[in-house]
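Protein chains in written order, with the numbering used here: chain A, 48 to 293; chain B, 48 to 293; chain C, 48 to 293; chain D, 48 to 293.
4 protein chains.
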Amino acid sequence: MSTNLAEAAVPGTPDPELIDDLVAANRILSDHGVLDAYGHVSARDRTSPQHYWISRSMPPAQVTAADIIACDLDNKPLRAGETRLFFERVIHGEIYKARPDVMAVVHNHSPGLIPFCNSDTRLRPMVGNAAFLGEGAPVFDIRTIDDEGDLNICTVAQAQGLARALGSQWLVLLRGHGAVAVGNSIRQMVRHAIIAETNARYQLQAALLGPIHFLTDSEIAFARRSQPKDPDRAWRLWKERAMRKS
Amino acid sequence: MSTNLAEAAVPGTPDPELIDDLVAANRILSDHGVLDAYGHVSARDRTSPQHYWISRSMPPAQVTAADIIACDLDNKPLRAGETRLFFERVIHGEIYKARPDVMAVVHNHSPGLIPFCNSDTRLRPMVGNAAFLGEGAPVFDIRTIDDEGDLNICTVAQAQGLARALGSQWLVLLRGHGAVAVGNSIRQMVRHAIIAETNARYQLQAALLGPIHFLTDSEIAFARRSQPKDPDRAWRLWKERAMRKS
Amino acid sequence: MSTNLAEAAVPGTPDPELIDDLVAANRILSDHGVLDAYGHVSARDRTSPQHYWISRSMPPAQVTAADIIACDLDNKPLRAGETRLFFERVIHGEIYKARPDVMAVVHNHSPGLIPFCNSDTRLRPMVGNAAFLGEGAPVFDIRTIDDEGDLNICTVAQAQGLARALGSQWLVLLRGHGAVAVGNSIRQMVRHAIIAETNARYQLQAALLGPIHFLTDSEIAFARRSQPKDPDRAWRLWKERAMRKS
Amino acid sequence: MSTNLAEAAVPGTPDPELIDDLVAANRILSDHGVLDAYGHVSARDRTSPQHYWISRSMPPAQVTAADIIACDLDNKPLRAGETRLFFERVIHGEIYKARPDVMAVVHNHSPGLIPFCNSDTRLRPMVGNAAFLGEGAPVFDIRTIDDEGDLNICTVAQAQGLARALGSQWLVLLRGHGAVAVGNSIRQMVRHAIIAETNARYQLQAALLGPIHFLTDSEIAFARRSQPKDPDRAWRLWKERAMRKS
């Protein structure tokens with residue numbers, strides 16, 4: 048039923064603000080090296096929560112507004128005949144189903160995160176704006192679902208397992224693969240993805256100096272109940288830089 | 048009283064040289080990656096020591112002369128109606144109060160310094176021009192003041208604690224946060240901030256090779272009583288490169 | 048006899064698609080820092096397997112279609128009078144002789160690989176698309192052939208030793224020197240060379256965090272019997288970026 | 048006597064080829080990050096060995112042919128009234144006196160070399176073209192001469208000590224300071240400086256993987272008695288890139 052409502056509402060109303068932010072997210076994350084040729088970014092429709100917007104299968108660095116299409120939460124394109132689709136878009140649908148608070152999702156192969164994907168050392172917050180990492184980013188091992196494939200998330204069962212590993216967090220690492228970051232908005236998701244990457248570099252370097260003082264439980268708890276100050280300042284700078292290059 | 052004098056002198060006389068150097072400092076430190084979207088730079092007025100100049104709240108990479116405003120040492124803008132102000136500008140006022148010799152202040156999240164912020168390993172001078180680091184940069188832990196916030200320096204008590212941790216040094220690290228560098232001029236402050244960042248990278252790399260031979264006490268003492276040779280040579284090169292990009 | 052056939056077929060028919068991909072490979076690998084001034088890239092002729100195409104001796108970043116010449120598998124140029132030839136082109140001929148499945152070869156000094164060239168630690172796959180590294184890239188030590196030279200591969204005996212060390216793999220490291228990556232197409236060879244470089248960086252960083260979970264045997268075996276999904280997406284992005292810079 | 052001859056020959060004959068290479072050396076080494084605002088490069092006059100050419104005191108990235116002046120081996124400018132001179136130019140004169148085979152000298156603060164300047168771990172050759180590092184680059188400690196200064200080489204005694212530490216090698220590291228690379232030509236000196244920097248990064252990374260297999264004594268000895276193959280290929284690429292940026 049909500050699907051019917053959504054199908055009525057979405058196709059005619061691509062929210063220009065959301066599309067603009069989604070294009071910017073693709074460019075910003077590419078410009079930061081957080082997205083390579085194969086990552087993908089989506090945003091849940093703000094009036095029709097059973098749908099999300101995502102680019103056709105292409106390098107995120109090259110995405111324009113004309114490349115954005117709508118899918119339902121079973122990852123079926125709303126418009127018939129769409130064929131250039133990301134194989135792994137099932138990640139997006141299953142996370143939106145499992146997490147009603149999530150409005151944006153990115154799957155990437157963020158280079159600083161890969162070492163933590165394949166390690167027992169947890170990625171933990173080094174600085175205040177990384178408090179969203181909490182007690183440490185969970186790592187999803189696809190072998191907990193099946194052990195027959197190429198490590199890509201291609202089935203509903205795999206994506207559901209990934210969503211379970213994510214739980215109520217904002218970042219989950221994928222063993223031998225990459226990461227998924229989510230946010231309550233496109234801009235928050237972009238912050239999470241960029242901050243996770245820089246935090247990983249800080250933690251790796253700090254490990255060379257000896258024991259690391261991570262954020263305290265109290266600091267993590269504070270961040271969970273408060274808002275960041277002026278988060279759009281970074282967004283505007285990042286966007287200006289990313290769009291200038293293209 | 049001195050405030051009255053200052054209020055009379057400052058508003059009409061934004062020193063063009065100081066403003067030009069302050070804009071250049073914003074650009075140079077951004078160009079070096081020492082400033083991200085959230086750092087801020089200030090300079091004490093040269094004729095009215097109870098006032099300082101700082102940009103409105105914005106990414107330092109985008110600062111122009113028109114964005115610079117004057118504040119008193121209680122961080123109140125001289126001109127009524129200024130609303131786009133840095134939350135953490137209290138850092139600047141309290142340091143200028145505590146350190147009459149300081150003429151410029153930067154607060155940043157310099158990436159090479161973060162590992163040292165969260166470590167018991169002290170940042171120590173690897174090369175002659177880093178002698179200002181002395182026996183090692185102090186680390187300010189905001190929990191020595193209170194443990195209720197998001198690690199940002201938002202209150203006078205926190206900023207006073209930070210100024211005490213800085214003491215008579217030129218750089219203080221902030222656990223889980225970043226750093227504050229100061230100088231007896233804008234250009235010296237910029238040197239301190241850039242050299243601290245590169246010194247951190249050198250020290251981190253050297254730690255991989257085994258025990259490190261830091262500057263000796265005698266070398267640190269010599270640097271304290273002498274002047275660097277031709278410091279403006281680097282300033283001119285840095286400025287030329289930073290301004291060309293904008 | 049096959050040489051006669053080939054000599055008849057090749058000189059008049061430089062396959063424009065192959066030449067275009069070979070120029071792009073030179074540029075892409077230079078743009079990624081995988082090729083410096085001294086590496087070289089070749090592709091086997093698709094209709095005349097006893098010949099390969101390679102640029103004249105020059106920095107790969109500057110190669111254009113006009114610089115590409117044909118050689119037989121004894122590394123003799125087809126056209127008389129060619130003098131600007133790579134000293135180490137013997138690598139290409141001997142690998143094409145030993146590996147009929149190989150259609151493209153690059154010899155480089157990929158910076159991330161050098162540490163593994165001089166170590167007993169094997170380069171092993173961190174992520175799915177690096178599964179081609181298998182149980183670990185072999186290291187060729189030129190001293191197993193002779194110990195009289197400058198580590199360059201200049202003789203048939205040295206190149207045959209290198210081809211033996213490569214065996215049925217896609218990458219071989221050369222102690223104190225660099226690497227050779229091969230592929231069943233130019234584009235696959237480029238992928239191998241770029242992924243090897245990034246995988247090396249991931250592995251090095253992960254080593255700082257503790258024991259590393261590499262791909263499992265089952266995951267490596269799966270990759271061996273399957274095709275990558277949409278490999279040309281990265282190729283197009285890389286090519287667009289590399290050609291724009293020149 | 049030779050000085051008289053030289054004074055007669057030099058002032059009127061700035062060798063255009065040498066000047067062109069010297070300007071390019073300044074730009075190339077800046078472009079590689081091997082020279083910062085404070086390094087300096089010189090070349091011995093090819094017909095008058097008692098003189099050398101060097102830029103006025105300025106950032107090497109900005110040097111043009113008009114900035115190059117001649118000095119005698121006591122570092123006195125040939126033309127009266129030159130005042131913008133490098134404080135540390137005594138390095139050049141003393142090395143040219145001690146090493147008749149040396150035709151070019153660079154003093155830099157090459158970032159990858161600093162960790163080795165302050166360590167007991169020796170910089171040793173990882174790859175064939177770094178064989179000039181021999182059994183390991185010597186480290187000059189200025190305290191072996193005196194312990195009263197800022198680590199800069201300002202006196203003849205200090206520069207003579209540095210030249211003794213260099214001995215018959217091509218690179219000497221300066222504790223807490225940087226490096227001096229020399230060559231039998233400008234181009235060889237540039238190669239030495241760039242290769243030393245990259246070799247340092249390779250060695251640092253390899254140290255993370257375990258014991259390192261450096262070049263063997265036999266390989267080092269071979270390199271000492273042979274010539275590199277086509278060294279100008281890198282020079283041309285480096286020059287083209289460096290000059291395009293300015």
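Yeah, the Cβ is synthetic: ideal placement off N, Cα and C, and Gly gets one too.
Neighbours of His-224 of chain D across chain B, judged by C-beta separation under 8 Å: Val-174, Gly-175. Any Cβ of chain C closer than 7 Å to the Cβ of Gly-257 of chain D would place that residue at the interface, and such an atom is present.
Glu-141 of chain D sits buried, since 16 or more C-beta atoms from the chains shown fall within 10 Å of its C-beta.
If you draw a straight line from the Cα of Ala-84 of chain D to the Cα of Ile-242 of chain C, it is about 36 Å long. As computed with DSSP, Ser-95 of chain B is found in no beta bridge at all. DSSP, reduced to helix, strand and coil, places Gly-230 of chain D within a strand of the structure shown.
Under DSSP, the beta-bridge partners assigned to Ile-115 of chain C are C:Ser-102. Residues of the region 270-287 of chain C with a C-beta atom less than 9 Å from some C-beta of chain A are Ala-270, Ser-273, Pro-275, Lys-276, Asp-277, Arg-280, Ala-281, Trp-282, Arg-283, Leu-284, Trp-285, Glu-287, listed in chain order. The Cβ of Leu-218 of chain C sits no closer than 7 Å to any Cβ of chain D. By the Cβ-count criterion, Thr-94 of chain B is exposed, with fewer than 16 other Cβ atoms from all chains shown falling within 10 Å of its own Cβ. Within the region 220-267 of chain D, the runs of alpha helix (DSSP H) at least 4 residues long that lie entirely inside it are, in chain order, 233-254.
If you check each beta-carbon in the region 127-151 of chain D against every beta-carbon of chain B, the ones closer than 8 Å belong to Phe-134.
Counting only runs of 4+ residues, the alpha helix (DSSP H) found wholly inside the region 136-183 of chain B occupies 137-145, 161-164, in chain order.
Close to chain B, meaning a Cβ-Cβ distance shorter than 8 Å, are the following residues of the region 102-115 of chain D: Ser-104, Met-105, Pro-106, Ala-108, Gln-109. Residue state for Leu-218 of chain B is assigned as strand, using DSSP reduced to three classes.
Residues of chain D with a Cβ closer than 8 Å to the Cβ of Thr-245 of chain C do not exist, since the nearest Cβ in that chain sits about 14 Å away. In the DSSP assignment, Val-186 of chain A forms a beta bridge with A:Leu-220.
Non-local beta-carbon contacts of Met-150 of chain A in its own chain, meaning distances under 6 Å to residues more than five positions away in sequence, involve Arg-91, Asn-231, Ser-232 in chain order. Assigned with DSSP and collapsed to three states, Ser-273 of chain A falls in coil, not helix or strand.
Only residues of its own chain outside the window of five on either side were considered, and among them Gly-80 have a CB closer than 7 Å to the CB of Pro-158 of chain C, listed in chain order. A distance below 6 Å between beta-carbons, with the five flanking residues on each side excluded, links Gln-250 of chain C to the following residues of its chain, in chain order: Met-173.
Here the C-alpha atom of Ala-71 of chain D lies approximately 12 Å from the C-alpha atom of Ile-115 of chain D.
DSSP places Ala-84 of chain B outside both helix and strand once states are collapsed to three, so it counts as coil. About 6 Å separates the CB atoms of Val-229 of chain D and Trp-217 of chain D; that is less than 8 Å, so the two are in contact. For the options C:Glu-195, C:Tyr-99, C:Ile-66, C:Val-227, the alpha carbon positioned closest to that of Ala-210 of chain C is the one of C:Val-227. Remark: fewer than three beta-carbon pairs, one from each stretch, lie closer than 8 Å, so the region 106-113 of chain A and the region 268-285 of chain A are not flagged as touching. DSSP, read as helix, strand or coil, puts Pro-124 of chain D in strand.
As computed with DSSP, Ala-289 of chain C is found in no beta bridge at all. Beta bridge pairing from DSSP links Ala-210 of chain C with no other residue. Think of a sphere of 9 Å around the beta carbon of Phe-261 of chain B: the chain D residues whose beta carbon falls inside it are Asn-165, Gly-223, in chain order.
Nearest C-alpha to Arg-234 of chain A among A:His-87, A:Leu-160, A:Leu-180, A:Ile-75: A:Ile-75. Annotated as proximal: Leu-198 of chain A and Gly-223 of chain A, with beta-carbon spacing under 7 Å. No residue range can be given for Asp-62 of chain A, since it is assigned to no alpha helix (DSSP H) and is classified by DSSP as neither H nor E. By the C-beta density criterion, Ala-112 of chain B is exposed, having fewer than 16 other C-beta atoms within 10 angstroms. Among the residues facing chain B, Ile-241 of chain D is not included, as its CB has no counterpart in that chain under 7 Å away.
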